[in-house]
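2 protein chains.
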Amino acid sequence: MTIDFSATRALFEIPEGVIYLDGNSLGPLPRAVPARVARTIGAEWGEMLITAWNRAGWMDLPERLGARIGRLIGAEPGSVTLGDTLSVKVFQLLSAALDMRCERRVILSDSGNFPSDLYVAQGLTGMLGPGYELRVAPPEEIEDALDDSVAVLMLTEVDYRTGRRHDMRRLTRAAHHHGALALWDLAHSAGAVPVDLAGCNVDFAAGCTYKYLNAGPGAPAFVYVAPRHAGRIRPALSGWLGHAAPFAFEPQYRPAPGVARMRVGTPPVIQLAALEAALELWEGVEMAEIRAASLVLADRFIAAVEAACPALRLVTPRDPAQRGSQVSFAHPEGYAIMQALIARGVIGDFRAPDILRFGITPLYIGAAEIDRAAAILAEVMAGRLWDAPEYRARARVT
Amino acid sequence: MTIDFSATRALFEIPEGVIYLDGNSLGPLPRAVPARVARTIGAEWGEMLITAWNRAGWMDLPERLGARIGRLIGAEPGSVTLGDTLSVKVFQLLSAALDMRCERRVILSDSGNFPSDLYVAQGLTGMLGPGYELRVAPPEEIEDALDDSVAVLMLTEVDYRTGRRHDMRRLTRAAHHHGALALWDLAHSAGAVPVDLAGCNVDFAAGCTYKYLNAGPGAPAFVYVAPRHAGRIRPALSGWLGHAAPFAFEPQYRPAPGVARMRVGTPPVIQLAALEAALELWEGVEMAEIRAASLVLADRFIAAVEAACPALRLVTPRDPAQRGSQVSFAHPEGYAIMQALIARGVIGDFRAPDILRFGITPLYIGAAEIDRAAAILAEVMAGRLWDAPEYRARARVT
Numbered sequence: 001m002t003i004d005f006s007a008t009r010a011l012f013e014i015p016e017g018v019i020y021l022d023g024n025s026l027g028p029l030p031r032a033v034p035a036r037v038a039r040t041i042g043a044e045w046g047e048m049l050i051t052a053w054n055r056a057g058w059m060d061l062p063e064r065l066g067a068r069i070g071r072l073i074g075a076e077p078g079s080v081t082l083g084d085t086l087s088v089k090v091f092q093l094l095s096a097a098l099d100m101r102c103e104r105r106v107i108l109s110d111s112g113n114f115p116s117d118l119y120v121a122q123g124l125t126g127m128l129g130p131g132y133e134l135r136v137a138p139p140e141e142i143e144d145a146l147d148d149s150v151a152v153l154m155l156t157e158v159d160y161r162t163g164r165r166h167d168m169r170r171l172t173r174a175a176h177h178h179g180a181l182a183l184w185d186l187a188h189s190a191g192a193v194p195v196d197l198a199g200c201n202v203d204f205a206a207g208c209t210y211k212y213l214n215a216g217p218g219a220p221a222f223v224y225v226a227p228r229h230a231g232r233i234r235p236a237l238s239g240w241l242g243h244a245a246p247f248a249f250e251p252q253y254r255p256a257p258g259v260a261r262m263r264v265g266t267p268p269v270i271q272l273a274a275l276e277a278a279l280e281l282w283e284g285v286e287m288a289e290i291r292a293a294s295l296v297l298a299d300r301f302i303a304a305v306e307a308a309c310p311a312l313r314l315v316t317p318r319d320p321a322q323r324g325s326q327v328s329f330a331h332p333e334g335y336a337i338m339q340a341l342i343a344r345g346v347i348g349d350f351r352a353p354d355i356l357r358f359g360i361t362p363l364y365i366g367a368a369e370i371d372r373a374a375a376i377l378a379e380v381m382a383g384r385l386w387d388a389p390e391y392r393a394r395a396r397v398t
Numbered sequence: 399m400t401i402d403f404s405a406t407r408a409l410f411e412i413p414e415g416v417i418y419l420d421g422n423s424l425g426p427l428p429r430a431v432p433a434r435v436a437r438t439i440g441a442e443w444g445e446m447l448i449t450a451w452n453r454a455g456w457m458d459l460p461e462r463l464g465a466r467i468g469r470l471i472g473a474e475p476g477s478v479t480l481g482d483t484l485s486v487k488v489f490q491l492l493s494a495a496l497d498m499r500c501e502r503r504v505i506l507s508d509s510g511n512f513p514s515d516l517y518v519a520q521g522l523t524g525m526l527g528p529g530y531e532l533r534v535a536p537p538e539e540i541e542d543a544l545d546d547s548v549a550v551l552m553l554t555e556v557d558y559r560t561g562r563r564h565d566m567r568r569l570t571r572a573a574h575h576h577g578a579l580a581l582w583d584l585a586h587s588a589g590a591v592p593v594d595l596a597g598c599n600v601d602f603a604a605g606c607t608y609k610y611l612n613a614g615p616g617a618p619a620f621v622y623v624a625p626r627h628a629g630r631i632r633p634a635l636s637g638w639l640g641h642a643a644p645f646a647f648e649p650q651y652r653p654a655p656g657v658a659r660m661r662v663g664t665p666p667v668i669q670l671a672a673l674e675a676a677l678e679l680w681e682g683v684e685m686a687e688i689r690a691a692s693l694v695l696a697d698r699f700i701a702a703v704e705a706a707c708p709a710l711r712l713v714t715p716r717d718p719a720q721r722g723s724q725v726s727f728a729h730p731e732g733y734a735i736m737q738a739l740i741a742r743g744v745i746g747d748f749r750a751p752d753i754l755r756f757g758i759t760p761l762y763i764g765a766a767e768i769d770r771a772a773a774i775l776a777e778v779m780a781g782r783l784w785d786a787p788e789y790r791a792r793a794r795v796t
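Here the protein sequences come in this chain order: A and B. Taking our numbering, the leading residue of the first sequence gets 1, the next gets one more, and so forth. Taking our numbering, the leading residue of the second sequence gets 399, the next gets one more, and so forth.
This is the structure we're talking about:
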């Protein structure tokens, strides 16, 4: 089956005059979401009240939607659930990994990882005390930094700034070769590139659903545990909905079978309703097709920008195998340039210190939008249109 | 100012024919919620896209709404924020408390605490290793169980089954007398009874917003840190939005000033929008008035049920000072009795092994509903109407 991208574009609400190249930060609104959320609020919460936990199937939403996401990331059936935020899930997975490799005390990551993953590891190792350590190497040296002291290799597959993509298969194998576990952050992978967790023999993974999966601001995280570990890991952060019998209200924690033990508290039902509607877009979509379309659009954007904007330096790898679904350029005035672009309807984002990021999302971006965005960027650069006080004053969030 | 409860009742959507006595589990839908959520989804997410983080004020929602909740629980300005679930917040607070009292290794709680709090403490002490311990005493013996080995006393103010209320002031003072910190779970307190965190000199507190605060299924938790601690605690679970400069993307975690360091990941904006609308109901409401009305209704319910249903044993303390805003009765057939009640439009809930719970919520329940609920319960008991196969088959969630 071939995706009809002109049809999928119609499934999103994108404001007139906007070219949205920031789906790698917050996906746009799928048209199906408002009605689905209104139904959950009105017909479920409003009408069924507490009984909706059973009658509307709220309690099982995390596993039901986990199964849909699992298909997009190559996960085994029943190995994915939802809840909390990506940082909380990384904390649970890191603590479980250190418990499984209790004779080791090192978490290895790379300096390009998203800072929150590093902060989580710093908080955890700081709490566990002397000997526990977060070791950080440059992305390109990560394989050499692996040794037999490493308990867990924690990497984000696609770099949030540069878009550089790690080789998941190779690095997971290298981690295992040293007796370490492999934990992958899929924030910029799920819905962006094909992922094969089972085929790569990954141990743990987590990701968010508000970027390429378009589930809305603050949508919950997903978490994957390889079936071979799911029956024996101990998540240090263990709450009642990860208990084998939550409504028995037993005084002692007994983990639920499988990945459901990663659940903690009451799931965010309204956000999950938005996610459910957003995931319907992916029915019948093969990630290989998304990937092929994404690479065509990215190459088109790179070629147009490089031809017209010599001052912008491409920081995303040219080799398609080494990149995700975003294109990033560096410029010392990156912040102001992005503000000038946004003022002209081209929405990407800026990441300190000097990165302009553009997310490529074929479900709602086509060649015409790419060409137009590149043309507007060329105008902004050629005319130094970014060099205005209103674009240089920094807001708190971009 | 006196609350006009007939006016506040009109602010909720409650289905025709239903008497809802389960607001202590999931509050009903405030009429203002659907439009507020629709606006956040359509006009903010849909129209503003990523720029809504600034333009629609999403980033500050946790502190803005935390201030409103702070007023209801006697917190100092700027000492409350929102996010995650109650269990995650308890985990953060317990780990911070153990860090502050690093020469001690005991968490003391009571056997009536909500199991998730106990599971969180078990997971944390299990991870920290030998010597760390969750010690559990019966609720009535908790003061005697305090000694100088206790790092933190963790209690839920109002017991989720019996409705028994601890003396926060006295027990906090007793904890401090032994050099321990006091952490209060306010799940069944916030919006139910007056709470005076500052006046009781409490160190830490957390609670949920989907019960008496009516913010909807899976609404986020709130967390309180006493200002005297907020600048120096280290939450072991530390994410990017608790960083002093989240958008600087620094490699090293630096805690934000104050309670904002308890934030972890991206806040659940859609759930927060529902909470914002739900909190508008509380503007101008004094908790003392809610409390007075709640006690009148509870006493009326107790008197009516005890007069008509001798087989039901009151397990909630008769002394108003010793109870929250729920009334519980025990009966060996409690599960079936509750199902029979629900089938007749009186919605309370059941808690294993034998507790019928009824939440008293003057904002939308008055004397007429109380009388009617008691009359229906009397019919169910007198006619053994609960003794039917359809009421005895247990569903997963009640």
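Cβ atoms here follow ideal geometry from the backbone N, Cα and C, with glycine treated the same way.
Just the chain B side, please: which residues come within less than 7 angstroms of H243/A by C-beta, in chain order? Within the first sequence, residue 243/A is the residue found at index 243, counting from 1. Within 7 angstroms Cβ-Cβ: Y517.
What does DSSP give as the partner residue(s) for I107/A in the beta ladder? In the first sequence, the residue the question calls residue 107/A occupies position 107. According to DSSP, which records beta bridges pairwise, I107/A is partnered with L134/A and V152/A.
Determine the chain A residues that contact T714/B at a beta-carbon separation under 7 angstroms, and present them in chain order. On the second sequence, position 316 is the one that residue 714/B refers to. Going along chain A, no residue has its Cβ under 7 angstroms from T714/B, so there is no contact; the nearest lies around 17 angstroms.
Assigned exposure category for S238/A - 16 Cβ within 10 Å defines buried: Stepping through the first sequence from its first residue, residue 238/A is reached at position 238. S238/A should be labelled buried.
Is L424/B helix, strand or coil by DSSP? Sequence index remark: in the second sequence, residue 424/B carries index 26 (1-based). Here L424/B sits in coil by DSSP.
Whole-angstrom distance between V327/A and L314/A, CA atom to CA atom: Mapped onto the first sequence, residue 314/A falls at position 314. Mapped onto the first sequence, residue 327/A falls at position 327. Each residue's Cα considered, the two are about 8 angstroms apart.
Chain-ordered neighbours of D84/A on chain B, where CB pairs are closer than 9 angstroms: The sequence position of residue 84/A within the first sequence is 84, counting from 1. Those are D482, T483, V486, V662 and G663, listed as they occur along chain B.
Member of P320/A, Y335/A and A292/A whose CA lies at the smallest distance from the CA of L400/A: Residue 400/A is absent from the model: chain A starts at 1 and stops at 398.
Among the residues of its own chain, which have a CB less than 6 angstroms from the CB of G440/B, if the five just before and after it don't count? Taking the second sequence and counting its residues from 1, one reaches residue 440/B at position 42. None.
Going along the chain, which residues of the segment 432–447 of chain B sit with their C-beta nearer than 7 angstroms to a C-beta in chain E? Given the protein chain composition of this structure (A and B), no chain E is represented.
Would the segment 208–225 of chain A and the segment 270–279 of chain A be scored as touching if the rule is three or more Cβ pairs under 8 angstroms? yes
Sort P426/B, A776/B, R407/B and L551/B by Cα distance to I864/B and report the nearest one. This structure cannot settle anything about residue 864/B, because the visible part of chain B is limited to 399 through 796.
Residue ranges of each alpha helix (DSSP H) run of no fewer than 4 residues wholly in the segment 541–592 of chain B, ordered along the chain? Here the runs fully enclosed are 566–575.
Helix or strand or just coil, what does DSSP make of F114/A? For the purposes of this step, residue 114/A is taken as the residue at position 114 of the first sequence. Of the three classes helix, strand and coil, the one that applies to F114/A here is coil, per DSSP.
Just to confirm the assignment, what range does the beta strand (DSSP E) spanning L480/B have? Locating residue 480/B in the second sequence gives position 82, counting from the first residue. Counting along the chain, the beta strand (DSSP E) containing L480/B begins and ends at V478 to L480.
Is it the case that the Cβ atoms of P174/A and L146/A are separated by a distance below 7 angstroms? For the purposes of this step, residue 174/A is taken as the residue at position 174 of the first sequence. For the purposes of this step, residue 146/A is taken as the residue at position 146 of the first sequence. Position check: residue 174/A holds Ala in this sequence, whereas Pro was assumed. Cβ distance < 7 angstroms, so A174/A and L146/A count as in contact.
Using a C-beta to C-beta distance shorter than 7 angstroms, which residues of chain A count as neighbours of R567/B? Translated into the one-based positions of the second sequence, residue 567/B becomes position 169. Per Cβ cutoff of 7 angstroms: no residues; R567/B is ~27 angstroms from chain A at best.
Helix, strand or coil at A382/A [DSSP, three-state]: Against the first sequence, residue 382/A aligns to sequence position 382. Three-state result, A382/A: helix.
Are the beta-carbon atoms of L153/A and L93/A separated by less than 7 angstroms? Translated into positions along the first sequence, residue 153/A becomes position 153. Translated into positions along the first sequence, residue 93/A becomes position 93. The Cβ-Cβ distance between L153/A and L93/A does not fall below 7 angstroms.
Whether L695/B touches I631/B by CB criterion (7 angstroms): In the second sequence, counting from the first residue as 1, residue 695/B sits at position 297. In the second sequence, counting from the first residue as 1, residue 631/B sits at position 233. The Cβ-Cβ distance between L695/B and I631/B does not fall below 7 angstroms.
Assign R790/B to buried or exposed, taking buried as 16 or more other Cβ atoms, counted over all protein chains shown, within 10 Å of its Cβ. Residue mapping note: residue 790/B aligns to position 392 of the second sequence, counting from 1. Exposed, because fewer than 16 other Cβ atoms sit within 10 Å of the Cβ of R790/B.
If you reduce the DSSP assignment to three classes, tell me which class Q720/B lands in. Counting from 1 along the second sequence, the entry for residue 720/B is found at position 322. Three-state DSSP puts Q720/B in a helix.
CB contact check: F727/B to chain A, cutoff 7 angstroms: Stepping through the second sequence from its first residue, residue 727/B is reached at position 329. Chain A contact via Cβ: absent.
Could you tell me if S6/A is buried or exposed, where buried requires 16 or more neighbouring beta carbons within 10 angstroms of its beta carbon? Locating residue 6/A in the first sequence gives position 6, counting from the first residue. Counting Cβ neighbours within 10 Å, S6/A comes out exposed, since fewer than 16 surround it.
Alpha helix (DSSP H) segments (min. 4 residues) lying fully within the segment 618–690 of chain B: Listed in chain order, they are 625–628 and 667–678.
Where A436/B sits in the DSSP three-state scheme: Within the second sequence, residue 436/B is the residue found at index 38, counting from 1. Of the three classes helix, strand and coil, the one that applies to A436/B here is helix, per DSSP.
My output table needs one value for Y789/B: the three-state DSSP class, helix, strand or coil. Stepping through the second sequence from its first residue, residue 789/B is reached at position 391. It is helical.
May I ask you to report which of helix, strand or coil DSSP gives R357/A? Here the question's residue 357/A lines up with position 357 in the first sequence. R357/A: strand per DSSP, three-state reduction.
For A96/A, report the span of its alpha helix (DSSP H) as first-last. Locating residue 96/A in the first sequence gives position 96, where the first residue counts as 1. Start and end: L86 to M100.
Chain A beta carbons: is any one of them nearer than 7 angstroms to that of F410/B? By one-based count along the second sequence, residue 410/B stands at place 12. So, not an interface residue.
Helix, strand or coil: how does DSSP classify R462/B here? On the second sequence, residue 462/B is found 64 positions in, with the first residue counted as 1. Residue state, collapsed to three classes: helix.
Between G529/B and V593/B, what straight-line distance do the alpha-carbon atoms span, to the nearest angstrom? Position 131 of the second sequence holds residue 529/B. Position 195 of the second sequence holds residue 593/B. Their backbone Cα atoms lie some 34 angstroms apart in a straight line.
Excluding the 5 residues preceding and the 5 following V346/A in the sequence, name in chain order all residues of the same chain whose CB lies nearer than 6 angstroms to its CB. Position 346 of the first sequence, counted from the start, is the residue given in the question as residue 346/A. These residues qualify, in order along the chain: I19, A373 and I376.
Helix, strand or coil: which one does DSSP assign to E411/B? Translated into positions along the second sequence, residue 411/B becomes position 13. Correct three-state label for E411/B: strand.
When DSSP labels each residue in this structure, what does A819/B get in the three-state scheme? Residue 819/B is absent from the structure shown; chain B starts at 399 and stops at 796.
Which whole-angstrom value is the C-beta distance of I668/B and I50/A, which I expect to be below 8 angstroms? Counting from 1 along the second sequence, the entry for residue 668/B is found at position 270. Counting from 1 along the first sequence, the entry for residue 50/A is found at position 50. Not really, about 21 angstroms apart at Cβ, beyond 8 angstroms.
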